[in-house]
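Trainee: All letters in the sequence shown, in the order written, are residues 4 to 534 by my numbering.
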Amino acid sequence: MSHIEKLLPGFDANEKRNLAFYTFGIMCYKLGLESALGALKSMMTERFNSNPSTSANAFATIGILEGLNQLMQTLGAIAAAPLIFRFKTPRVLANAILVFAILTAVFLILEASTGGKVVSYMINKNGKSVPDPSTYGNWSPYIIFPLFLIIGIAYGVTELIRRVIPRDIVGGDVEKLKKMDSSVHMLYEIAGTGGAFLSAFMIQKIGHIYAMCLVPPFFFTSAFCMYKLRSPERNIVSAGKKRSAMAAVVHYAGVYFSSIITGARIICSSRRFFWLIPGYTLGLVFHRYLEGGVAPNFSKIVLGDSSYSQIMNGGSNFGEFLGALFVFVFNTQVKTPIPWVRWDAVALNLAWLIPGLAYPLLTTGTSPLAYAWIMAALFMFISMGWSAGDVSLAAYVQSQLKHNDEEEPEGEVSPLGAVMAFLYSTNILFYFCLNFGLGKYLDVFSNRVKAITNDKNLAYQTGIEPFFIISGVLFSVGCVVIIAGTFIPKGAFAWNPVILAGDEYEDEEKSKHDEAGATANEPSNFLMSKS
4 MSHIEKLLPG
14 FDANEKRNLA
24 FYTFGIMCYK
34 LGLESALGAL
44 KSMMTERFNS
54 NPSTSANAFA
64 TIGILEGLNQ
74 LMQTLGAIAA
84 APLIFRFKTP
94 RVLANAILVF
104 AILTAVFLIL
114 EASTGGKVVS
124 YMINKNGKSV
134 PDPSTYGNWS
144 PYIIFPLFLI
154 IGIAYGVTEL
164 IRRVIPRDIV
174 GGDVEKLKKM
184 DSSVHMLYEI
194 AGTGGAFLSA
204 FMIQKIGHIY
214 AMCLVPPFFF
224 TSAFCMYKLR
234 SPERNIVSAG
244 KKRSAMAAVV
254 HYAGVYFSSI
264 ITGARIICSS
274 RRFFWLIPGY
284 TLGLVFHRYL
294 EGGVAPNFSK
304 IVLGDSSYSQ
314 IMNGGSNFGE
324 FLGALFVFVF
334 NTQVKTPIPW
344 VRWDAVALNL
354 AWLIPGLAYP
364 LLTTGTSPLA
374 YAWIMAALFM
384 FISMGWSAGD
394 VSLAAYVQSQ
404 LKHNDEEEPE
414 GEVSPLGAVM
424 AFLYSTNILF
434 YFCLNFGLGK
444 YLDVFSNRVK
454 AITNDKNLAY
464 QTGIEPFFII
474 SGVLFSVGCV
484 VIIAGTFIPK
494 GAFAWNPVIL
504 AGDEYEDEEK
514 SKHDEAGATA
524 NEPSNFLMSK
534 S
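1. Alpha carbon to alpha carbon, what distance is there between P492 and V394?
2. How many angstroms separate the CA atom of E37 from the CA atom of G79?
3. Taking DSSP as the reference, what is the three-state secondary structure of Y139?
4. Could you tell me which of N127, Q76, A39 sits nearest to N457, measuring between CA atoms?
5. How about W346 and T489: are their beta carbons less than 8 angstroms apart?
6. Grab me the residues of I385's own chain with a C-beta within less than 6 angstroms of its C-beta, minus the 5 sequence neighbours each way, in chain order.
7. Could you check where the beta strand (DSSP E) with S132 kicks off and where it finishes?
8. Kindly list the residues whose CB is nearer than 8 angstroms to the CB of K179, restricted to its own chain and excluding five residues on each side of it in sequence; keep chain order.
9. Contact between the region 29-46 and the region 94-107: three or more CB pairs below 8 angstroms?
10. Is the CB-CB distance between K459 and N52 below 8 angstroms?
11. Between F24 and K208, is the Cβ-Cβ spacing less than 8 angstroms?
12. May I have a chain-ordered list of the beta strand (DSSP E) segments no shorter than 3 residues that lie completely inside the region 310-341?
13. Going by beta-carbon coordinates alone, are V218 and G70 separated by less than 8 angstroms?
14. Measure the Cβ-Cβ separation of S474 and P358 and say whether it is below 8 angstroms.
15. I126 bridges to which residues according to DSSP?
16. For a test of the three-state rule: what should DSSP assign to H211, helix, strand or coil?
17. Specify the secondary structure class of K231 as computed by DSSP and reduced to three states.
18. Apply the 10 Å Cβ neighbour rule to S309 and answer buried if 16 or more other Cβ atoms are within range, or exposed otherwise.
19. Whose CA, out of H211, M75, S186, lies closest to the CA of G155?
20. So A361 and Y463 are supposed to be a Cβ contact under 8 angstroms. How far apart are they, rounded?
21. Quick check on DSSP: helix, strand or coil for N119?
22. Helix, strand or coil, according to DSSP, for T92 in the structure here?
23. Starting from F490, follow the alpha helix (DSSP H) in both directions and report where the run begins and ends.
24. In terms of residues, what are the limits of the alpha helix (DSSP H) holding V447?
25. Can you tell which of Y434, A250, D135 has its C-alpha closest to the C-alpha of G119?
26. Buried or exposed for A348, going by 16 or more other Cβ atoms inside 10 Å?
27. Could you check the C-alpha separation between V253 and C271 for me, to the nearest Å?
28. Cα separation between T196 and L293?
29. As an exercise, report each continuous alpha helix (DSSP H) stretch of at least 4 residues that is fully enclosed by the region 345-392, in chain order.
Here it is as structure tokens:
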């Protein structure tokens, strides 16, 4: 038996071929994605802070831009539904990645055509080493808005299809999906870690725009791999049954908003699901704000260079890999998501160390670069908790709703899809409010730091101050709310509940324990495959 056959028992030749192309393609996609998002976030932070017309409200403006981008991601996900019925799923995924690649290339062309140079560093008036704005191309930062919003649509299409395409590769076999999901997820996070560190290195060497030079090659390679996937013909609706493109988008937009209402009804009608609002949604909000808010904002305001955020996020991505690995290894000992979510909540308190260690270390000789690496290690531990909670919660929701077909209205809004649509929509709303509100708060302190002259320690002290509220008090409040939410389900007062009262598989669990030999296989029930 070959090594590949030992690694992939039960997969036929076509499935192995598809899996090989998909795995390599999705790793290239993740490398390009981390490089692109890191460079784009650094670009927004630096451009809006260095431009006189936007400097005073830079972080609030970024909050609005990111909120609109997430809205566009939702629209992209809506648009993906009719596309995968009209065309082969791998082709839609490949084309979405190509659009993403072309849009990042637009920034490269724009920068080069307006006199942008390779980045150099200067000492600003409060003594910090920062990127020199004179090396930037001469274009308005408001150009970022339309390009970033279109990127959001392509990103939304890509992310939705990435979650449904495994069925096209290995079919509906649950065991094959489990093996594929676990192996691809780990490799995906490893690629994300490498992409984040690569992005940080490139930004510091050649600047936030030219750092995107590696993105198109990664994306083009990924798109090529997706084109090579062999998709079953059943994915394509016959021509006579196709709606027009616009009618299809309008139809599925209606389905999406209907699913939000259905999801709200399911979530709010049962203790079994209501706890997912703090447990799943708030956990995701704080994780996203840690990577997309705290990391770049702290890097710019305190450390002076937003590119350091990618070093921190590289540590975070590696933590996500370790968290998923923990769930995979200990799934037989931990049968419900409750302990993982509580770990996630407690880990949020580590964010106090972000501002807590800053002043004593930065004022006694620790360089901003070295401090960014220290924070990368800290982010790793915080994100381990979130990843473990996220993986187990997603599997838990699927296991609870997969058999509730009687709740499915008109065959288009499944209970699972409705619940996930509601949780995702509340996440967007919470994140937008948090990002915009804290952006306005950070602008106050950022402007104070910019006004300080020849006093680096005072600049550090002033810049660090708001993060005691943001990554300290706010994250601890999140910890309390999330932990309190884990006591909502019946039977959740144990530290490691064997099963939660009312679960869909509760009766099956009890009956299987009465059957000889069934005990060894039972603990994996909660860890259902993402499909």
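Ideal Cβ placement from N, Cα and C applies to all residues, glycine included.
Mentor: Taking the structure as given:
1. For this step, residue 394 is matched to residue 391 along the sequence shown. For this step, residue 492 is matched to residue 489 along the sequence shown. Approximately 19 angstroms, taken between the alpha carbons.
2. In the sequence shown, residue 37 corresponds to position 34, counting from 1. In the sequence shown, residue 79 corresponds to position 76, counting from 1. Roughly 19 angstroms between the two C-alpha positions.
3. The residue labelled residue 139 in the question sits at position 136 within the sequence shown. Reduced to three states, the DSSP call for Y139 is coil.
4. Position 454 of the sequence shown holds residue 457. Minimum Cα distance to N457 is reached at N127.
5. Residue 346 sits at position 343 when you count from the first residue of the sequence shown. Residue 489 sits at position 486 when you count from the first residue of the sequence shown. It is not a contact, given that the beta carbons lie outside the stated cut-off.
6. Counting from 1 along the sequence shown, the entry for residue 385 is found at position 382. So the qualifying residues of the chain are A350, L353.
7. On the sequence shown, position 129 is the one that residue 132 refers to. Counting along the chain, the beta strand (DSSP E) containing S132 begins and ends at 132-134.
8. In the sequence shown, counting from the first residue as 1, residue 179 sits at position 176. Once the five neighbours on either side are set aside, the close Cβ partners of K179 are G13, F14, E18, V173.
9. Three or more Cβ pairs closer than 8 angstroms define a contact, and the region 29-46 meets that threshold against the region 94-107.
10. To locate residue 459, count along the sequence shown from 1; it is residue 456. To locate residue 52, count along the sequence shown from 1; it is residue 49. No, they are not a contact pair.
11. Numbered from 1 along the sequence shown, position 21 holds the residue referred to as residue 24. Numbered from 1 along the sequence shown, position 205 holds the residue referred to as residue 208. One thing to note: F24 has its Cβ no nearer than 8 angstroms to the Cβ of K208.
12. Those beta strand (DSSP E) runs which fall completely within the region 310-341 and span 3+ residues do not exist here.
13. One-based indexing of the sequence shown puts residue 218 at position 215. One-based indexing of the sequence shown puts residue 70 at position 67. The Cβ-Cβ distance between V218 and G70 does not fall below 8 angstroms.
14. In the sequence shown, the residue the question calls residue 474 occupies position 471. In the sequence shown, the residue the question calls residue 358 occupies position 355. Going by C-beta atoms, S474 is nearer than 8 angstroms to P358.
15. Locating residue 126 in the sequence shown gives position 123, where the first residue counts as 1. Partner residues in the beta bridge of I126, as assigned by DSSP, are S132.
16. As a first step, residue 211 is located in the sequence shown; it is residue number 208 there, counting from the start. H211: coil per DSSP, three-state reduction.
17. Locating residue 231 in the sequence shown gives position 228, counting from the first residue. Reduced to three states, the DSSP call for K231 is coil.
18. On the sequence shown, position 306 is the one that residue 309 refers to. S309 counts as buried, since at least 16 other C-beta atoms from the protein chains shown sit within 10 angstroms of its C-beta.
19. The sequence position of residue 155 within the sequence shown is 152, counting from 1. Considering only alpha carbons, the answer is M75.
20. Sequence index remark: in the sequence shown, residue 361 carries index 358 (1-based). Sequence index remark: in the sequence shown, residue 463 carries index 460 (1-based). At roughly 7 angstroms, the Cβ-Cβ gap stays under 8 angstroms, so A361 and Y463 are in contact.
21. By one-based count along the sequence shown, residue 119 stands at place 116. What sits at residue 119 in the sequence shown is Gly, not Asn. Looking at G119 - three-state DSSP - the assignment turns out to be coil, as it is neither helix nor strand.
22. To locate residue 92, count along the sequence shown from 1; it is residue 89. The answer is helix: DSSP assigns T92 an H, G or I state.
23. As a working mapping, residue 490 is identified with position 487 in the sequence shown. For F490, there is no enclosing alpha helix (DSSP H), as DSSP marks it with neither H nor E.
24. Taking the sequence shown and counting its residues from 1, one reaches residue 447 at position 444. Per DSSP, V447 belongs to the alpha helix (DSSP H) from 418-454.
25. Counted from its first residue, the sequence shown places residue 119 at position 116. The shortest Cα separation from G119 among Y434, A250, D135 belongs to D135.
26. As a working note, residue 348 is residue 345 in the sequence shown. A348 is buried by the Cβ-count criterion.
27. What you label residue 253 is simply residue 250 of the sequence shown in a count that begins at 1. What you label residue 271 is simply residue 268 of the sequence shown in a count that begins at 1. For V253 and C271, the distance between alpha carbons rounds to 27 angstroms.
28. Along the sequence shown, read from residue 1 onward, the residue named residue 196 stands at position 193. Along the sequence shown, read from residue 1 onward, the residue named residue 293 stands at position 290. If you take the alpha carbons of T196 and L293, they lie about 16 angstroms apart.
29. If you keep only unbroken alpha helix (DSSP H) runs of at least 4 residues inside the region 345-392, you get 356-359, 361-365.
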